[in-house]
Each structure stands twice: as C-alpha cells, then as structure tokens.
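**Student:**
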Amino acid sequence: MDPTSFLEQIWIARWPLASGVGLTLIISFLSIIAGTILGVGVGMSLTYGARPLRWLVRGYTDFIRGTPVLVLVLASYYVLGTIGLQLKPFQAGVLALAVFCSSHVGEIVRGALQAIPKGQTEAAKAIGLTFAETFIYVLAPQALRQILPAWVNTAAEMVKASTLLSIIGIGELLLSTQEVIARTFMSLPFYFLAGALYFLINFGIESLGRLIERKISIQS
Amino acid sequence: MTTNLVEIRDLHKSFGKVEVLKGVNCDLAQSDVVCVIGSSGSGKTTMLRCINMLEDFEAGTITIDGEAIGYDVRDGKRRRKPEREIARQRALTGMAFQQFNLFPHLTAIENVTLGLVKVKRLGRDEATVIGERWLDRVGLSTRRNNYPGQLSGGQQQRVAIARAIAMNPKLMLFDEVTSALDPELVNEVLMVIKDLARDGMTMLIVTHEMRFAYEVANRVIFMNEGLIGEEGDPREMFIRPKTQRLAEFLKSSSFN
Chain A
0 MDPTSFLEQI WIARWPLASG VGLTLIISFL SIIAGTILGV GVGMSLTYGA
50 RPLRWLVRGY TDFIRGTPVL VLVLASYYVL GTIGLQLKPF QAGVLALAVF
100 CSSHVGEIVR GALQAIPKGQ TEAAKAIGLT FAETFIYVLA PQALRQILPA
150 WVNTAAEMVK ASTLLSIIGI GELLLSTQEV IARTFMSLPF YFLAGALYFL
200 INFGIESLGR LIERKISIQS
Chain B
0 MTTNLVEIRD LHKSFGKVEV LKGVNCDLAQ SDVVCVIGSS GSGKTTMLRC
50 INMLEDFEAG TITIDGEAIG YDVRDGKRRR KPEREIARQR ALTGMAFQQF
100 NLFPHLTAIE NVTLGLVKVK RLGRDEATVI GERWLDRVGL STRRNNYPGQ
150 LSGGQQQRVA IARAIAMNPK LMLFDEVTSA LDPELVNEVL MVIKDLARDG
200 MTMLIVTHEM RFAYEVANRV IFMNEGLIGE EGDPREMFIR PKTQRLAEFL
250 KSSSFN
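Protein chains in written order, with numbering that gives the first Met the number 0: chain A, 0 to 219; chain B, 0 to 255.
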C-alpha cells in the first residue's frame, strides 16, 4: 500500500474522523460524569442505606453488572421505546453507558467506604461531628484516594464501551472509521488509526489520573 | 442540683444476648482522676463508650454536668435524642482511643483543629492558635505539619490526646491508650496524662497499666462481669483488696 495515498485519504476523511473523535469524547465524558454522580449515590446507599434501600440498590447493581453493555445499549434504545419512552440514539446510548458506569462506580465507592477503619468514624463522632460532617471531612477524602485508580480504569472502560453505540447508528469514532473504510477500502490502516486514537484518549485519561493520584497521595 | 460532674445510674448494655453492663453506678466529681481496671470482657471499655454514645444503652442514665446524655424520657417513654443533639453532647467529652484513630489525610495541626473549626465554629486562625498550644503541651509543636503516617505511635497518640482536649471537654475518656504502643513509647503518653491530671482535668481512664493507675488515680474502679466489683483509693485497694476477684486480678496483672 502506498503510504502517501493513506495520508491523503486521512486528509480527505479528516472531518468525519474528527467528528467521530469528538462524539466519542462527548459520549464518554457525559456518561462518566452522569454515571459517577449516580454511582456515588449507589455506593452510599449500599453502605449507609436502610435495609430495603440496600436490597433494592444491590439488585440494581447486580442486574446491571450482569448484563452485557451491548444489551443495555439496545435495551435503552429499543425496549424503552416500547414503553413509550423513545429516546434519540444519542440519549439512549449515553443513558445505557451512564447506567453501566454507575453500577461499577457504585461498587468502587462502597468498597472504598467500607475499607475505612471504623475508628475513623468513631474519632470523628467523639469530637462532635455529625454524620454528614464526618462524611465530608473524614470519610470522603480518604475514600476518594482509594477510589481514584479504579475510577480511572472505569473511565477508560467507558471510552471503549462507547464503540458499542455504533450499533444504534451513532457516528462515534468506530462508526465514522468504518464509513471511511467503506469508501476507501483501506480497512487495516484505518482500523489501526482508530486503535491509535482510542489509545491516545485512554492514555490521556490514565496520565491525568496518575497526576491527580500523585497530587493527593497521603505522605507517610 | 448535683455536685457530681458525671453520674452514671443503673447502666445496662447488651450486645445481642450478651449482657455486658448489668447496672453500673458511678460518680465522678470535678477533677477526679478515675482509673478503670478489670479483665477483658468485664465491660470497662463499653462503659466508657456509653458515656459519649459511641454505644447506645438500653437502660439507666448518664448525666454530665446535670445534662442527660443520649436519651430523653417523656411521658414515661425513653427516646434517643436526635443525632444533632447527640453530636453536640459528644463534644462535652473528649476521647482517646487504643488505636489513636488520627485522620491520616490531615496533618497533626489539622487533626487538632478540625473539631474546633467544624464543631466549635472557631475561625481558622483562632483554631490554629489553640491547636498549636495543645501540640506544644504534648511536646509536638515541631511536628505540626507532619501527617500521622510520619509520626511514631507515641507521637500519634499524643496528637490524638491534643485533638480531644483542644475541644475543651468537661471530661476526658481514655480507652487503653497505651495498649497498642511499643513498651518504650508508653511512658511519653502516660506523662501527658499525668500532666493533664495536675491541671485538674476530670478523667476516666481504662488502663492495664497498674503502676500508672496506682500513681495517677485518686480512685480506682475494678470492673467484674459487668458490674463494679470494688472501688476506692488505689493505695488502699491495691494493697488490701477486699474481694477475692480483685486479689486474683491484681496477682495475675503486672502490678506487684
């Protein structure tokens, strides 16, 4: 294959590819943010919730975690439609990913909170902090440090899972790459290019994660 | 009107089916230094933890400075006070723990000032002044910016004591504060407590350090199977125990 013709094809396809990258970034960002917010709620319910709430949320996370993401994506697009909630592909896709993300973040948060020794809560209570204050000033800062590495992993997983949205016609990076391939017949080079772009995105996320981890690590 | 700072009446506490406290009665006057001794499982620590509501209790009353702790009795019904009120009451006492329980993500000075800022609502500058004064008192002013992980066990425990006492509690509770320390670090912590005793701080100290109890306490409580087995002046009690149980306990402990 002629390398200059591949570069030429990249140049020709620059806008569709760029929009694919952009859409992948937007989808990942939105689902990670929404999934994290929801996931913190899930994790706190699992840790501190009353028994009925705990069981309900436990059922939710186990169900979601036991379901393939692809099925979640299809369900959120097609099944919700049958009950009168027809989402746009983009909305359905982000919803599916956010729900998936929330179940994982929920487990991470629960694990981190439960790993904090009981003595921390007792010491906080002993100086007169309320539960909310204890959570904000004592538990959350410690849990955060525990959560971060696993959370970065989940964020990277979400970027990868966003490829599944191509199945409901969202022109994220994978689908836009496939469209370019359909036109140029240069499948291998463009798949490699897409792979490299995904790698760059996740490498960026992980570097950022490591940077934050270093910044907030506790000295000892 | 009460003359005692702390009054414990008929305190009952169970963990499931196991009754740990079976009706404890105990008074502390202002500036009393009372050491609680007894074998493990006798209820010493549980009694301490009831006083600041780290444990709920099923029956009996605890009052500090005339204020009923943890529960209200209205129309003959006993109700747990609201959480916010209990949090406020917990600040009437300070507590030091066996495992120190310093906040690992905060420096020594931040550990000491957290309660001052968030509970007492002092300004950060004012809190820092108080915090530094107490770190200085426990001999750790040079370590103010160190994290707990950078301090020895004895130093951590001294910071933990400073954290509790900076809140200006009416009563200090010490729960086996030297049990987790290497032998050579025990003394520096005991010195701090003795120093507080000289200040007139009212203290209830659960300890296995018999020599220390003998030296610092103006009264010793021997707990046995959820009740106070014997209490009195250590100089009297340790030399001439009245009960067989205490005699056996003293014989098996390090005091001689």
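We put the beta carbon where it would ideally sit given N, CA and C, even for glycine.
Please read all numbers here as calculations on a predicted model, not as lab measurements.
(1) Which residue marks the beginning of the beta strand (DSSP E) containing A/His-103, and which one marks its end?
(2) Considering only residues of the same chain and omitting the five flanking positions on each side of B/Ile-160, which have a CB-CB separation below 7 Å?
(3) Helix, strand or coil for B/Ile-55, going by three-state DSSP, please let me know.
(4) Can you look up A/Tyr-59 in the DSSP assignment and give me helix, strand or coil?
(5) Could you compute how far the alpha carbon of B/Gly-65 sits from the alpha carbon of B/Val-5?
(6) Are B/Ala-90 and B/Val-116 closer than 7 Å when you measure CB to CB?
(7) So with Cβ pairs under 7 Å, would you call A/Lys-124 a contact of chain B?
(8) Within 10 angstroms of the Cβ of A/Thr-162, are there 16 or more other Cβ atoms? Answer buried if so, exposed if not.
(9) How big is the Cα-Cα spacing for B/Met-0 and B/Ile-85?
(10) Chain B beta carbons: is any one of them nearer than 7 Å to that of A/Gly-110?
(11) Measuring alpha carbon to alpha carbon, tell me which of A/Leu-69, A/Val-68, A/Leu-45, A/Thr-120 ends up nearest A/Gly-58.
(12) Determine whether the beta carbon atoms of A/Ser-186 and A/Pro-15 lie at a separation below 7 Å.
(13) Ends of the alpha helix (DSSP H) at B/Lys-43?
(14) Run the CB neighbour count on A/Trp-10, radius 10 Å, all protein chains shown included, and call it buried at 16 or more, exposed below.
(15) Measure from the C-beta of A/Ala-140 to each C-beta in chain B and report whether the shortest distance is under 7 Å.
(16) Please compile the residues from chain B whose C-beta is within a distance smaller than 7 Å of the C-beta of A/Phe-130.
(17) Rounded to whole angstroms, what is the Cα-Cα separation between A/Arg-109 and B/Glu-208?
(18) Would you say B/Lys-117 reaches chain A, if we count a Cβ-Cβ gap shorter than 7 Å as a contact?
(19) Contact criterion: CB-CB distance below 7 Å. Does B/Tyr-213 meet it with respect to chain A?
(20) With DSSP run on the structure shown, which of helix, strand or coil describes B/Leu-134?
(21) Out of A/Ala-91, A/Ile-169, A/Phe-99, which has the shortest C-alpha to C-alpha gap to A/Phe-62?
(22) Whole angstroms are fine: how far does the CA of B/Glu-247 sit from the CA of B/Asn-255?
(23) Between A/Ala-95 and A/Val-78, is the Cβ-Cβ spacing less than 7 Å?
(24) Kindly indicate which three-state DSSP category B/Met-222 falls into: helix, strand or coil?
(25) Counting only C-beta atoms, is B/Pro-103 closer than 7 Å to chain A at any point?
(26) Where does A/Asn-152 fall in DSSP's three states?
(27) Which residues in chain B sit within 9 Å of A/Gly-38, going by Cβ to Cβ distance?
(28) Give the DSSP-derived three-state secondary structure of B/Glu-247 in the structure shown.
(29) By Cβ distance, which residues of its chain are closer than 6 Å to A/Thr-81, with the 5 residues on each side in sequence left out?
(30) Quick check on the burial criterion: 16 or more other C-beta atoms within 10 angstroms. Buried or exposed for A/Ile-135?
(31) So what does DSSP say about B/Glu-270, is it helix, strand or coil?
(32) If you count every other CB in all the chains shown that lies within 10 Å of the CB of A/Gln-85, and 16 or more means buried, which is it?
(33) Have a look at A/Arg-144 and A/Ser-216 and give me their C-alpha separation to the nearest angstrom.
(34) Can you check DSSP and say which residues form a bridge with B/Met-202?
(35) Who pairs with A/Ser-4 in a beta bridge, going by DSSP?
(36) Are at least three pairs of beta-carbons, each pair with one atom in the stretch 98 to 116 of chain B and one in the stretch 121 to 141 of chain A, less than 8 Å apart?
**Tutor:** Judging by the given coordinates:
(1) Counting along the chain, A/His-103 falls outside any beta strand (DSSP E), though it belongs to the alpha helix (DSSP H) covering 88 to 114.
(2) Ala-95, Val-137, Val-191
(3) Reading off the sequence shown, one finds Asp at residue 55 of chain B, where the question assumed Ile. Reduced to three states, the DSSP call for B/Asp-55 is coil.
(4) helix
(5) 8 Å
(6) no
(7) yes
(8) buried
(9) Its pLDDT being 49, under 50, B/Met-0 is placed unreliably by the model, and the measurement read from it follows with that caveat. Answer to the nearest angstrom: the Cα atoms are 23 Å apart.
(10) no
(11) A/Leu-45
(12) no
(13) 43 to 50
(14) exposed
(15) Contrary to the premise, residue 140 of chain A reads as Pro rather than Ala in this sequence. Taking Cβ atoms only, chain B reaches closer than 7 Å to A/Pro-140, which makes this a yes.
(16) Glu-82
(17) 39 Å
(18) yes
(19) no
(20) helix
(21) A/Phe-99
(22) Low confidence applies here, because B/Asn-255 scores a pLDDT of 49, under 50, leaving its location unreliable; read the following figure in that light. Distance between the alpha carbons of B/Asn-255 and B/Glu-247 is about 12 Å.
(23) no
(24) strand
(25) yes
(26) helix
(27) Near A/Gly-38 there are no residues of chain B at all, since even the closest Cβ is about 22 Å away, more than 9 Å.
(28) helix
(29) none
(30) exposed
(31) Residue 270 of chain B cannot be examined here, being either before or after the span of chain B that is shown, 0 to 255.
(32) exposed
(33) 7 Å
(34) B/Val-32, B/Met-171
(35) For A/Ser-4, which the question treats as bridged, DSSP gives no partner whatsoever.
(36) yes
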